[in-house]
Amino acid sequence: MASLQNFLPWCPDPDLSVLESSVSGQEGGSVSVQCLYSAGYQNEQKQWCRSKDQRCYTVGRTDTSPNSAEKLVVIDYPAQSLFTVTMRDLQSGDTGWYWCAVEIEGLWPDVKEEMHVTAESVSRVSTVQSIYITRSSGAALKTGAATQWGGLTHPRILGSLHDATEEPFLTIQVNDL
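In the UniProt record's numbering, the protein residues as written are 1 to 177.
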């Protein structure tokens, strides 16, 4: 009597995983993801997809030559059964759900593992130095929020602004420009 296994089609081991289910990096920075797969997938194309409406929108693949200057680099390491994805120059629009995926030829659907990438905003600081205006001149410090000497209140200027009479310059620090 024939075994049931003789009638079932061969199905590869659907083993694909990521080391972390979410990664985050600062805007302008980079993140790297390691996608591990079964040895049976060593010769298949690997891809990095943006997930939207449960569909895979391919962003990068292992069948392209890696270029260290590119925003996205996908490199396969078949001997280790893993591929890496590096996203550079992160922007807020890069935040979202992505898939590590193995493209399977034939009847079988692609194998994929979902994960989340977050691009965190960075506090930017700008320092402006201007010529000091003496009190005796009758002039006052003017900003969009206040006109006064000493402390200054403004939603984008943190800390306080001081007019040091012994210094020939006035320094203003503005955060989150």
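C-beta: ideal position from N, C-alpha, C; glycine also.
In this structure, how does DSSP classify residue i when only helix, strand and coil are distinguished?
i          : result
residue 94 : helix
residue 40 : helix
residue 47 : strand
residue 79 : helix
residue 61 : strand
residue 88 : coil
residue 52 : strand
residue 69 : coil
Between the beta-carbon of residue i and the beta-carbon of residue j, is there less than 8 Å?
i          : j          : result
residue 86 : residue 32 : yes
residue 27 : residue 80 : no
residue 54 : residue 78 : no
Tell me, please, which residues DSSP counts as bridged to residue i.
i           : result
residue 17  : 36
residue 101 : 47, 112
residue 25  : 119
Taking the alpha carbon of residue i as the reference point, which residue from the options has its own alpha carbon closest?
i          : options            : result
residue 51 : 94, 121, 120       : 94
residue 89 : 42, 73, 40         : 73
residue 82 : 37, 29, 111        : 37
residue 57 : 34, 112, 122, 123  : 112
residue 62 : 120, 123, 122, 102 : 102
residue 75 : 27, 30, 54, 34     : 34
residue 46 : 123, 60, 28        : 60
residue 48 : 120, 110, 122      : 110
residue 15 : 29, 104, 64        : 104
With a threshold of 7 Å, establish whether the CB of residue i neighbours any heavy atom of the ligand ADP.
i          : result
residue 57 : In the structure on display, the ligand ADP does not appear, and there are no ligands present to speak of.
| Is the segment 98-105 close to the segment 113-122, with three or more CB pairs under 8 Å? | With a cut-off of 8 Å on Cβ pairs, the segment 98-105 is in contact with the segment 113-122, counting three or more such pairs.
| message | Pairs of beta-carbons, one from the segment 19-39 and one from the segment 53-70, closer than 8 Å: are there three or more? | response | no
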